[in-house]
Amino acid sequence: MIPLVSKKNSNIVKVNPGFPQRVHIQRAATLLRKSGIVVFPTETVYGLGADALDKTAIARIFAAKQRPNWDPLIVHVRDVAMARSLAKTLPDAFEVLAGKFWPGPLTVVVQKAGHVPDEVTAGRPTVAMRMPRHAVAAMLLEEAGLPIAAPSANKFGRPSPTRAEHALEDLGSNVDLILDAGPTLMGLESTVLDLTQSPPAILRPGGVTREQLETVIGPVTLAPSVADEVAKQGLASPGMSQQHYAPRARVELFEGAMDDIANQMLARAIDLRNRGHRAGAIICDEMLPLLDKTTDFVSSFGHWGEWDRYAKRLFAAFRVLDSQGVVSILCVLPPAEGIGLAIRDRLQRAAGKPRSERGES
Ligand code: TXA
Ligand code: MG
């Protein structure tokens, strides 16, 4: 009997995350070689991939994501040799960093080789590259034999997809294939480190922490835009920072000791309820007794201090709470250390979404 497959979902295929079925990966690789665009998992978030040297395919990525053409893409490489072939020059720090953190969630920005298209780098003289650790991404790079340009597989401005369903929701039938290997491990995007500056600068905090980088290459700075975001206090007025990673609901941030945060959130949740607004909250288990009766929808990431689990669940929680139609999402703002730096950065940018773009009345 021929199985019934709904037309809408016929381009999604389930893949084993640890031991990917090669036949599925080969189908994806064939598509990439023919200017196709394919959603695939990495250890950070799902990416929307295309042959990095194929301008037609790159144009399809920008169209599917509705991404502005000034925002350059990350090129995923199979190994250090492939990275070398895409760079004009590589600083000494590159070898050390690749040796220590590749494959993994570290993207390095270096001078690009002449044949890397301007469409990928948005006209910049530099290229961002990383070697992913996820078995599906690694096998796809091996089977395709190509450098794969891949931004996160979300619509521009939306939270990055940590599950294949999120990519489907945002990109739907505009992509040729979605490889579904379940939820991603880390949940936040890679660290982007600019090696063309001295000392190197973090352009986007992520899975590899500033502390980890510094133990290997010495001092690393935060790019001014990152430093401004992570230094902001939790209750700073929104509307100033760059809109990104944002749910439709308003994001409100709470900082301090755990009990203080819980009490401040409680007061805010009661205030919202009194005004007839539905509220959501992303909190820790310890806060549940205080908040789960006053807040319409709560999502707990785990215990206080389990920031890796917070990172893993944040974007999915945004999407779930959005689907409940909440007006505000109250969130714990973690300390600016370790992975906390990246969580803070994403939360501050989400909270900075202009008022007019939010679903609030
Ligand atoms: O974890 C990740 O990095 C995911 C997975 C799919 O690998 N990819 C990802 O790509 O987050 P995307 O396009 O959503 O974010 C890429 C970031 C953007 O902030 C972009 O501006 C920056 O990297 N970027 C890319 N090329 C650059 C360059 N040449 N110079 C400076 N920044 C660059
Ligand atoms: Mg992105």
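Counting along the sequence shown from 1, when you hit position 315 you're at 1721 in the numbering used here, and nothing is skipped either side.
Yeah, the Cβ is synthetic: ideal placement off N, Cα and C, and Gly gets one too.
Inset, instruction - Using 10 angstroms around the beta-carbon of Ala-1637, count the other beta-carbons present and answer buried if the total reaches 16, otherwise exposed. - result: Looking at its Cβ environment, which holds fewer than 16 other Cβ atoms inside 10 Å, Ala-1637 is exposed.
Legend entry - Coarse secondary structure for His-1430, derived from DSSP in three states: helix
Legend entry - Contact belief for Ala-1493 with Ala-1519 at Cβ below 8 Å, rounded distance in angstroms: 6 Å between Cβ atoms; contact.
Legend entry - Cβ contact (3+ pairs, closer than 8 Å) linking the region 1528-1546 and the region 1672-1685: no
Inset, instruction - Could you tell me if the beta carbon of Thr-1615 falls within a distance shorter than 6 Å of some heavy atom in the ligand TXA? - result: no
Inset, instruction - Assign Gln-1754 to buried or exposed, taking buried as 16 or more other Cβ atoms, counted over all protein chains shown, within 10 Å of its Cβ. - result: buried
Legend entry - Nearest-angstrom Cα separation, counted from Phe-1721 out to Thr-1568: 7 Å
Legend entry - Completely contained alpha helix (DSSP H) runs for the region 1652-1726, where each covers 4 or more residues: Within the region 1652-1726, the complete alpha helix (DSSP H) runs of at least 4 residues are 1664-1680, 1694-1697.
Legend entry - Closer than 6 Å: Ser-1558 CB and nearest the ligand MG heavy atom: yes
Inset, instruction - Quick one: grab the DSSP three-state call for Gly-1529. - result: coil
Inset, instruction - With a floor of 4 residues, list each alpha helix (DSSP H) that falls wholly inside the region 1538-1619, ordered by position along the chain. - result: For the region 1538-1619, whole alpha helix (DSSP H) runs of length 4 or above, ordered along the chain, are 1541-1550, 1570-1577.
Legend entry - For Ala-1534, the three-state DSSP class (helix, strand or coil): strand
Inset, instruction - Determine, using beta carbons only, whether Met-1693 and Ala-1668 come nearer to each other than 7 Å. - result: A distance below 7 Å separates the beta carbons of Met-1693 and Ala-1668.
Inset, instruction - State the DSSP-derived secondary structure class of Pro-1447, mapped to helix, strand or coil. - result: Looking at Pro-1447 - three-state DSSP - the assignment turns out to be strand.
Inset, instruction - State buried or exposed for Ser-1762, treating a residue as buried only when at least 16 other CB atoms are found within 10 Å of its CB. - result: Only weak support exists for where Ser-1762 lies, its pLDDT of 43 falling under 50; the value from the coordinates is given anyway. Label assigned to Ser-1762: exposed.
Inset, instruction - Return yes when at least one heavy atom of the ligand TXA lies under 6 Å from the C-beta of Ile-1554, else no. - result: no
Inset, instruction - Report the three-state DSSP secondary structure of Thr-1436 (helix, strand or coil). - result: helix
Inset, instruction - On the DSSP bridge assignment, give the partners of Thr-1627 in chain order. - result: Ala-1607
Inset, instruction - On the DSSP bridge assignment, give the partners of Gln-1517 in chain order. - result: Looking at the DSSP assignment, Gln-1517 forms a beta bridge with Thr-1532.
Legend entry - Inter-residue Cα distance where the pair is Gln-1603 and Ser-1491: 21 Å
Inset, instruction - Use the C-beta contact count for Phe-1707: other C-beta atoms within 10 angstroms, 16 or more gives buried, fewer gives exposed. - result: Result: buried.
Inset, instruction - Answer yes or no: the CB of Asp-1477 versus the heavy atoms of the ligand TXA, is any distance below 6 Å? - result: Remark: the C-beta of Asp-1477 is in contact range of the ligand TXA, defined as less than 6 Å to any heavy atom.
Inset, instruction - Examine the Cβ distances between the region 1701-1716 and the region 1577-1585 and report whether three or more of them are shorter than 8 Å. - result: no
Inset, instruction - Hey, could you find the ends of the alpha helix (DSSP H) Ala-1756 is sitting in? - result: Taken as a continuous stretch (DSSP letters only), the alpha helix (DSSP H) holding Ala-1756 covers 1746-1757.
Inset, instruction - Compute the Euclidean distance between the alpha carbons of Ala-1555 and Val-1522, then round it to the nearest angstrom. - result: 11 Å
Inset, instruction - Decide if Asp-1666 is buried, meaning its Cβ has at least 16 other Cβ atoms within 10 Å, or exposed. - result: exposed
Inset, instruction - Return yes when the Cβ of Pro-1447 is within less than 7 Å of the Cβ of Ala-1587, no when it is not. - result: yes
Inset, instruction - May I have the straight-line CA-CA distance separating Gly-1424 from Glu-1548, to the nearest angstrom? - result: 16 Å
Inset, instruction - Could you confirm whether any beta carbon from chain D is found closer than 7 Å to the beta carbon of Leu-1736? - result: Although the question refers to chain D, the structure presented lacks it and comprises just one protein chain.
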